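Those letters in the sequence shown? Residues 17 to 229, per the numbering used here, in order. Ideal Cβ positions, reconstructed from N, Cα and C, are used throughout, including at glycine. Since this is a predicted model, take the numbers as computed values, not measurements. Notes to accompany the following structure.
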Amino acid sequence: MARFRWPDGQVTCPTCGRRDVRFIPTRRIWQCQSNHARRQFSIQAGTIFEDSPIGLRKWLPAIWMIANAKNGVSSYEIHRAIGVTQKTAWSMLHRIRLAMQSETFDQMRGQAAVLKIAFERLTEDWQRDTRHLSFDRQIAMHPSYQAIIGMGPAALPLIFDALQNELDHWFYALAVITRENPVPQNEAGHMEQMRERWLAWGRRRGYIQQNAA
Ligand SMILES: [Zn+2]
17 MARFRWPDGQ VTCPTCGRRD VRFIPTRRIW QCQSNHARRQ FSIQAGTIFE DSPIGLRKWL
77 PAIWMIANAK NGVSSYEIHR AIGVTQKTAW SMLHRIRLAM QSETFDQMRG QAAVLKIAFE
137 RLTEDWQRDT RHLSFDRQIA MHPSYQAIIG MGPAALPLIF DALQNELDHW FYALAVITRE
197 NPVPQNEAGH MEQMRERWLA WGRRRGYIQQ NAA
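This is how it looks when you write it as structure tokens:
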């Protein structure tokens, strides 16, 4: 198995190893600055999920949900939470359960753990560098913040967890990743109210475990 893309929280080109890769938000992929074949890549490249028609961004939250649920997860919950059809959710659940009986699940869980570490390091960098900034746009344009957005839905459980623990500017990332906005116009800019709206949204969609340990 190829190594996960971000062992130290730094996105690198899978072909040449360059670290100053550029994130393209509209397509949610990265592009290497060198002119070679396969210069555009996703976080899925080089992982055990690569040959799956279902993206890593859908697999990781599903694995996360299954690994963290005390009373099991239904295909309906997966369907609602990650936006695949219920038929697809059922086959994902089946495949993950089968994998849980083999070492593949450890590999998958290992990747989910690596993703969490990457998320935490990116968050640290972002918070350290933007602590003294007050303009939302500057805060949201930080490369580490953009990289978190690039993780897509796989980052949602991690963002909601962070938002529960500490009030911070996660709202732009949430809106970009989910393409939704549960905050009414008159509450925009009111951090506490925005947090409550988003946390309610996250609970409805199953991204926040109600009775997690
Ligand atoms: Zn490259």
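Beta-bridge pairing by DSSP links F57 to W46.
Under a 10 Å Cβ-count criterion, K103 is classified as exposed, with fewer than 16 other Cβ atoms of the shown protein chains found around its own Cβ. A Cβ-Cβ distance of about 6 Å is found for the pair I79 and I112, placing them in contact under the 8 Å criterion.
With a contact defined as Cβ atoms closer than 8 Å, I224 and V192 miss out at about 19 Å. Each of K74, L138 and T139 was checked against the Cα of L109, and the nearest Cα belongs to K74. The three-state secondary structure of I94, taken from DSSP, is helix.
Put simply, the backbone Cα of D145 is about 42 Å away from that of S107. For I224, there is no enclosing alpha helix (DSSP H), as DSSP marks it with neither H nor E. Look at I40 here: in three-state DSSP terms it is strand. Straight through space, the alpha carbons of G99 and F187 are spaced by roughly 20 Å. The beta carbon of Y161 sits closer than 6 Å to the beta carbons of W142 from its chain, once the five residues preceding and following it are set aside; these are given in chain order. Here V27 is not near A216, since their CB atoms are 8 Å or more apart.
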